[in-house]
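Student: Dropping a structure here in structure tokens format, bear with me for questions.
Protein chains: 2
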Amino acid sequence: MAYELYYWPMIQGRGEFVRLALAEAGADYVDVARRSKNGMQAMSKLMETKRLAVPPFAPPFLKFGNQIIGHTANILLFLGTRHGLAPKAEAARLQLHGLQLTITDFVSEIHDTHHPLGPTLYYEEQRAAAKRRTDEFWKQRVPKYLGYFEDILKRSDGPYALGRRLSYVDLSLFQLVEGLRYAFPKRMKRFEKAIPRVLDVRDRVAERPRIKAYLASDKRIAFNEYGIFRRYKALDR
Amino acid sequence: MAYELYYWPMIQGRGEFVRLALAEAGADYVDVARRSKNGMQAMSKLMETKRLAVPPFAPPFLKFGNQIIGHTANILLFLGTRHGLAPKAEAARLQLHGLQLTITDFVSEIHDTHHPLGPTLYYEEQRAAAKRRTDEFWKQRVPKYLGYFEDILKRSDGPYALGRRLSYVDLSLFQLVEGLRYAFPKRMKRFEKAIPRVLDVRDRVAERPRIKAYLASDKRIAFNEYGIFRRYKALDR
Chain A
1 MAYELYYWPM IQGRGEFVRL ALAEAGADYV DVARRSKNGM QAMSKLMETK RLAVPPFAPP
61 FLKFGNQIIG HTANILLFLG TRHGLAPKAE AARLQLHGLQ LTITDFVSEI HDTHHPLGPT
121 LYYEEQRAAA KRRTDEFWKQ RVPKYLGYFE DILKRSDGPY ALGRRLSYVD LSLFQLVEGL
181 RYAFPKRMKR FEKAIPRVLD VRDRVAERPR IKAYLASDKR IAFNEYGIFR RYKALDR
Chain B
1001 MAYELYYWPM IQGRGEFVRL ALAEAGADYV DVARRSKNGM QAMSKLMETK RLAVPPFAPP
1061 FLKFGNQIIG HTANILLFLG TRHGLAPKAE AARLQLHGLQ LTITDFVSEI HDTHHPLGPT
1121 LYYEEQRAAA KRRTDEFWKQ RVPKYLGYFE DILKRSDGPY ALGRRLSYVD LSLFQLVEGL
1181 RYAFPKRMKR FEKAIPRVLD VRDRVAERPR IKAYLASDKR IAFNEYGIFR RYKALDR
């Protein structure tokens, strides 16, 4: 039975963390909203159906048989043990999930750099606030978050977050580096020397055969100014 | 063996969602940083120790034997099945966890009403932005989030989110109502008629004997202007 991933078809966004895990797992899945013109309709229909006791709050969500799992980190928790991208023991699984939830918080703060006044206003309505938030973000938050993962990699003795075996958190670290390089090329270039181990994970992930094939395929949507990582010149100095 | 909860001693904050679950469970736990003057030191020490492979990113975290679990929703996932506050079947557990992750996102947006330019600046440095964000928050986000939970309660046929049995999500809904009433008394009063089922959950939770005892005890810290829910007159109209 194939997984059905439901996510916005034009952006990487939060769904990309799931797409990378599905790619690395070699899992059979349908990216429903990208599959056809009816895909978006199918997604809306599932969100609005009266038949589900617990409809998803927002994309991404994953459908597997009758089960619908919402929230990126929750989907990865589900997929991780099924596809060898997470340890099997409960304590270690929750530990890895905790790391992913830290990434979730970071992703939310990345989004807020261009939307400090909220997700319901356009960037163009909040340029000044975005500048201030982005300055604080690079001064305080990027060092805190990425410094934390650099430290985790140091403690694990690498190359990956939990040691010798790749997990979905490593795939997400790849995506964070790619996204920050896209959105803030100047700032990120200056910062990178502080996180050699995170960059090493990025490079190793990029070279994994299934990821490499995924990135070269049209399954990988290009970064653009509608997702989490947006390149606005005014925010990159 | 008692649980050890590590969280800031002067605020409800994110830790309160865990404290409520521990209270309802009747679990034996120590609120480490509140226990004594050395509690804060113990918390810092654990966060900075070199001995852990994966130190927590931030409070709250829960220690149980050698296991340390970070992030509110992750702690509730762990406690839920152990104390009958979550279903045992994996699919239902992940579904409930997904609901809690939606609450996590809402809590983050509540915090951003007074800190739109980031957590590293004082409210006093971002009053104007806070006003704009709070207006959008009440116009768009509160109806979206609380409307979603009202709908979940309607679908479950109540009285609780998953039906007849209380779960940790219901405890969190109680806390959301209490917090919004504290921080935005005028706005919340006008909004409440839209969410009768959520308010009913709030009332039922408040009457549960262990929660009632907890709320009346000095374990319940009063709301104040250092936590998630802050009462700033300028933000409540």
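Residue numbers (our numbering), protein chains in the order written: chain A, 1 to 237; chain B, 1001 to 1237. No residue lacks a Cβ here, since even glycine has one placed at the ideal position from N, Cα and C.
(1) Just the Cα atoms here: how many angstroms apart are Gln1126 of chain B and His1115 of chain B?
(2) Are the C-beta atoms of Arg1127 of chain B and some chain A residue less than 9 Å apart?
(3) Cβ of Phe1137 of chain B less than 9 Å from any chain A Cβ?
(4) Check for me: the beta strand (DSSP E) holding Gln126 of chain A runs from which residue to which?
(5) Would the beta-carbon of Tyr145 of chain A fall within 9 Å of that of Thr102 of chain A?
(6) Could you name the residues that DSSP lists as bridge partners for Gln1067 of chain B?
(7) Which term fits Tyr1122 of chain B, buried or exposed, when burial requires 16 or more other beta carbons within 10 angstroms of its beta carbon?
(8) Can you tell me where the beta strand (DSSP E) holding Asp31 of chain A begins and where it ends?
(9) Below 9 Å on C-beta distance, what does His1083 of chain B contact in chain A?
(10) When the distance is taken between beta carbons, is Ser1172 of chain B closer than 9 Å to Leu1076 of chain B?
(11) Taking the straight line between their C-alpha atoms, what separation do you get for Ala129 of chain A and Leu1117 of chain B?
(12) I'd like to confirm the pairing. Which residues does DSSP put opposite Gly163 of chain A in its beta bridges?
(13) Determine the burial state of Tyr1003 of chain B: buried for a count of at least 16 other Cβ atoms within 10 Å of its Cβ, exposed for fewer.
(14) Tell me, which residues are paired with Tyr6 of chain A by DSSP?
(15) Below 8 Å, how does it come out for the segment 140-158 of chain A and the segment 194-204 of chain A: are there three or more Cβ pairs, yes or no?
(16) Return the residues of the segment 113-125 of chain A that lie within a Cβ-Cβ distance of less than 7 Å from chain B, sorted by chain order.
(17) Have a look at Asp28 of chain A and Thr72 of chain A and give me their C-alpha separation to the nearest angstrom.
(18) Closer than 8 Å, Cβ to Cβ, to anything on chain A: give me those residues from the segment 1009-1032 of chain B, in chain order.
(19) How many Å lie between Met1001 of chain B and Gly1098 of chain B at the Cα?
(20) Three-state secondary structure (DSSP) at His114 of chain A?
(21) May I ask you to report which of helix, strand or coil DSSP gives Ala1216 of chain B?
(22) Show which residues of chain B have a CB atom less than 9 Å away from the CB atom of Gly57 of chain A.
(23) Indicate whether at least one CB of chain B lies closer than 9 Å to the CB of Ser36 of chain A.
(24) Tell me which same chain residues have a C-beta within less than 8 Å of the C-beta of Pro1119 of chain B, skipping the five on either side of it?
(25) Which of helix, strand or coil does DSSP assign to Leu171 of chain A?
(26) In three-state DSSP terms, what is Leu1022 of chain B?
(27) Could you spell out where the alpha helix (DSSP H) holding Leu77 of chain A opens and where it closes?
(28) Contact between the segment 1206-1220 of chain B and the segment 1012-1029 of chain B is defined here as three or more beta-carbon pairs at a separation below 8 Å; is this criterion met?
Tutor: From the atom records:
(1) Mapped onto the second sequence, residue 1126 of chain B falls at position 126. Mapped onto the second sequence, residue 1115 of chain B falls at position 115. The alpha-carbon of Gln1126 of chain B is positioned some 7 Å away from that of His1115 of chain B.
(2) Indexing the second sequence from 1 puts residue 1127 of chain B at position 127. With 9 Å as the cut-off, Arg1127 of chain B does not count as an interface residue toward chain A.
(3) For the purposes of this step, residue 1137 of chain B is taken as residue 137 along the second sequence, with counting starting at 1. For Phe1137 of chain B, the answer is yes, since a Cβ of chain A falls inside 9 Å of its Cβ.
(4) Taking the first residue of the first sequence as 1, we reach residue 126 of chain A at position 126. Gln126 of chain A -> no beta strand (DSSP E), and no H or E assigned at all.
(5) Indexing the first sequence from 1 puts residue 145 of chain A at position 145. Indexing the first sequence from 1 puts residue 102 of chain A at position 102. The answer is yes: Cβ separation under 9 Å.
(6) As a working mapping, residue 1067 of chain B is identified with position 67 in the second sequence. For Gln1067 of chain B, which the question treats as bridged, DSSP gives the partners B:Phe1064.
(7) Numbered from its first residue, the second sequence carries residue 1122 of chain B at position 122. Counting of Cβ neighbours within 10 angstroms places Tyr1122 of chain B among the exposed residues, the total staying below 16.
(8) Within the first sequence, residue 31 of chain A is the residue found at index 31, counting from 1. Asp31 of chain A -> beta strand (DSSP E) spans Tyr29 to Asp31.
(9) Your numbering for residue 1083 of chain B matches position 83 in the second sequence. Within chain A, no residue comes near His1083 of chain B; the closest Cβ sits about 15 Å away, beyond 9 Å.
(10) As a first step, residue 1076 of chain B is located in the second sequence; it is residue number 76 there, counting from the start. As a first step, residue 1172 of chain B is located in the second sequence; it is residue number 172 there, counting from the start. It is a contact, given that the beta carbons lie within the stated cut-off.
(11) Walking along the first sequence from the start, residue 129 of chain A turns up at place 129. Walking along the second sequence from the start, residue 1117 of chain B turns up at place 117. Roughly 7 Å between the two C-alpha positions.
(12) Translated into the one-based positions of the first sequence, residue 163 of chain A becomes position 163. In DSSP, Gly163 of chain A forms a bridge with A:Tyr160.
(13) As a first step, residue 1003 of chain B must be located in the second sequence, where it is residue number 3. The residue in question, Tyr1003 of chain B, is buried, as its Cβ has 16 or more Cβ neighbours within 10 Å.
(14) Mapped onto the first sequence, residue 6 of chain A falls at position 6. BP columns for Tyr6 of chain A point to A:Phe61.
(15) yes
(16) Pro116, Leu117, Gly118, Thr120 and Leu121
(17) Along the first sequence, one-based indexing puts residue 28 of chain A at 28. Along the first sequence, one-based indexing puts residue 72 of chain A at 72. The straight-line gap from Cα to Cα measures roughly 18 Å.
(18) none
(19) Counted from its first residue, the second sequence places residue 1001 of chain B at position 1. Counted from its first residue, the second sequence places residue 1098 of chain B at position 98. Met1001 of chain B and Gly1098 of chain B: Cα-Cα distance of roughly 29 Å.
(20) Within the first sequence, numbered from 1, the residue matching residue 114 of chain A stands at position 114. In the three-state reduction of the DSSP assignment, His114 of chain A falls in the helix class, which pools H, G and I.
(21) Numbered from its first residue, the second sequence carries residue 1216 of chain B at position 216. The three-state reading of DSSP puts Ala1216 of chain B in helix, counting H, G and I together.
(22) Your numbering for residue 57 of chain A matches position 57 in the first sequence. Here the sequence assigns Phe to residue 57 of chain A, which means Gly is not the residue at that position. The contacting residues are Gly1098, Leu1099, Leu1101, Thr1102, Asp1105, Lys1144, Tyr1145 and Tyr1148.
(23) Here residue 36 of chain A corresponds to residue number 36 of the first sequence, with the count starting at 1. No, because no Cβ of chain B sits closer than 9 Å to the Cβ of Ser36 of chain A.
(24) Along the second sequence, one-based indexing puts residue 1119 of chain B at 119. If we look at Pro1119 of chain B and ignore the five residues flanking it on each side, its Cβ neighbours are His1111.
(25) For the purposes of this step, residue 171 of chain A is taken as residue 171 along the first sequence, with counting starting at 1. Helix.
(26) Residue numbering aside, residue 1022 of chain B sits at position 22 when the second sequence is read from its first letter. Leu1022 of chain B falls in the helix class under three-state DSSP.
(27) Along the first sequence, read from residue 1 onward, the residue named residue 77 of chain A stands at position 77. Looking at the DSSP string, the run of the alpha helix (DSSP H) that includes Leu77 of chain A is Thr72 to Arg82.
(28) yes
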